[in-house]
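Participant: Below is the structure I would like to discuss, written out as structure tokens.
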Amino acid sequence: MQLQPAQRKNVKIKLGLQGSSGSGKTYSALLMAFGLVNDWKQIAVIDTENQSASLYAHLGSFYILPLKPPFSPELYIQAIKVCTEAKIQVVIIDSLSLEWEYILDAHSQLTGNSYTNWAKFTPRHQQLIQAILQADCHIICTLRAKQDYVLNEKNGKQVPEKVGMKPIQREGTDYELTLVFELDNKHHAIATKDRTGLFAGQPEFTITAQTGKLIYNWCQLGQSDKPFHEYIIECQTMDELRELYLSHPEYQQSHLSYFNQRKTQLQTPVSTILSQTLSTNGTATRQ
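Residue 167 in full-length UniProt numbering sits at position 167 of the sequence shown; the count goes up by one each step and never skips.
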């Protein structure tokens, strides 16, 4: 047992995408996955949705692992193991909700005390959650969501009122994930839980491969002892500089001068740089 300095290294993101049918969960997950690894052959979809991921085969040569019911926790665990043993870098579980529906259905069929019967299922569910968290790969879980309601009293009567979408999974599952996005029927995303600091408080947006790149940069930074300003200096384009800036909000203020300096350098025409160099060092002689 030894105390160690806290540092982020070799992070494998575990995130959730929740939304109703047609909100674009599978498509968004695939784009994000590609942004994470930039290689379609390093992406696998654990498909419980009648191979619906095949509809997006035109995006790239990713893999599909189709599952058939019953969607027990053990089936998901086995599927994750197949992917990790194949050295897949990003696993998309589409959808994690069917596991919880299996648990609810199996629990409802038992006789006896409903509360004590949960002891038969909670450990099985937790084994799946731990398999996801401990997997040595990025994992994106899609979650079906349904309209949630609360009862409020109006004119002496209890009236149901809409309070947003609720994922079909065990309550508290989102606490286990680093990032959770909620998608609406216009395919717009908003972060409902964000430990990275990349998306918290940001307006709704459309998930693209760039979203995955931002998350990848966040995962990677802690793996090197190199000072952060050197990453800024190494940016070769404005897109690279912008991506680095957005993916590391914790350095935006402390390294603002470095960002501005590199921005000016990248925006300065080569002819101007050459002219400044010549005026400083004297007239160059062509050999």
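The beta carbon of each residue, even a glycine, is placed where N, CA and C say it ideally should be.
Everything numeric in this text was worked out from a predicted model, so none of it was measured.
To the nearest angstrom, report how far apart C167 and I190 are at their CA atoms.
Facilitator: Residue numbering aside, residue 167 sits at position 167 when the sequence shown is read from its first letter. Residue numbering aside, residue 190 sits at position 190 when the sequence shown is read from its first letter. In the sequence on display, residue 167 carries Pro and not Cys. Going by the C-alpha atoms only, they are around 14 Å apart.
Participant: Quick check: the segment 232 to 240 against the segment 45 to 64, are there 3 or more CB pairs under 8 Å?
Facilitator: No, because fewer than three Cβ pairs between the segment 232 to 240 and the segment 45 to 64 fall closer than 8 Å, the two stretches do not touch.
Participant: Can you grab the Cα-Cα spacing for the pair S114 / A135, in whole Å?
Facilitator: One-based indexing of the sequence shown puts residue 114 at position 114. One-based indexing of the sequence shown puts residue 135 at position 135. Looking at the two C-alpha atoms, the distance is approximately 32 Å.
Participant: What are the residues that DSSP puts in a beta bridge with H138?
Facilitator: Along the sequence shown, one-based indexing puts residue 138 at 138. Note: H138 sits in a beta bridge opposite V90.
Participant: Taking just the CA atoms, how far does A79 sit from D174?
Facilitator: Reading the sequence shown from its first residue, position 174 is the one you call residue 174. Reading the sequence shown from its first residue, position 79 is the one you call residue 79. Computed Cα separation, rounded: 21 Å.
Participant: Rank M1, A57, L3 and V11 by C-alpha distance to the C-alpha of T178 and give the top, closest one.
Facilitator: Here residue 178 corresponds to residue number 178 of the sequence shown, with the count starting at 1. Per the Cα distances, V11.
Participant: Using a threshold of 8 Å, state whether the C-beta atoms of Q42 and V90 are closer than that.
Facilitator: Taking the sequence shown and counting its residues from 1, the one referred to as residue 42 is at position 42. Taking the sequence shown and counting its residues from 1, the one referred to as residue 90 is at position 90. In contact: Q42 and V90 (Cβ atoms closer than 8 Å).
Participant: Leaving out five residues on either side along the sequence, give the residues of the same chain with a beta carbon under 6 Å from the beta carbon of L36.
Facilitator: As a first step, residue 36 must be located in the sequence shown, where it is residue number 36. Excluding residues within five positions, the ones whose Cβ falls inside 6 Å are V90, H138, G212 and Y216.
Participant: Just how far apart, CA to CA, sit R262 and C235?
Facilitator: Within the sequence shown, residue 262 is the residue found at index 262, counting from 1. Within the sequence shown, residue 235 is the residue found at index 235, counting from 1. Between R262 and C235, the C-alpha separation is close to 8 Å.
Participant: Measure the Cβ-Cβ separation of G22 and N185 and say whether it is below 8 Å.
Facilitator: Stepping through the sequence shown from its first residue, residue 22 is reached at position 22. Stepping through the sequence shown from its first residue, residue 185 is reached at position 185. Cβ distance < 8 Å, so G22 and N185 count as in contact.
Participant: Quick check: T48 and L128, are their CB atoms within less than 8 Å of each other?
Facilitator: As a position in the sequence shown, residue 48 is number 48, starting the count at 1. As a position in the sequence shown, residue 128 is number 128, starting the count at 1. Cβ distance not < 8 Å, so T48 and L128 don't count as in contact.
Participant: Can you list, in chain order, the residues of its chain whose CB lies under 7 Å from that of H255, leaving out five sequence neighbours each side?
Facilitator: Numbered from 1 along the sequence shown, position 255 holds the residue referred to as residue 255. So the list reads F228, H229 and I232, once near-sequence residues are dropped.
Participant: Using three-state DSSP, classify Q202 as helix, strand or coil.
Facilitator: As a position in the sequence shown, residue 202 is number 202, starting the count at 1. Q202: coil per DSSP, three-state reduction.
Participant: Return helix, strand or coil for T208, following the three-state DSSP convention.
Facilitator: As a working note, residue 208 is residue 208 in the sequence shown. Reduced to three states, the DSSP call for T208 is coil.
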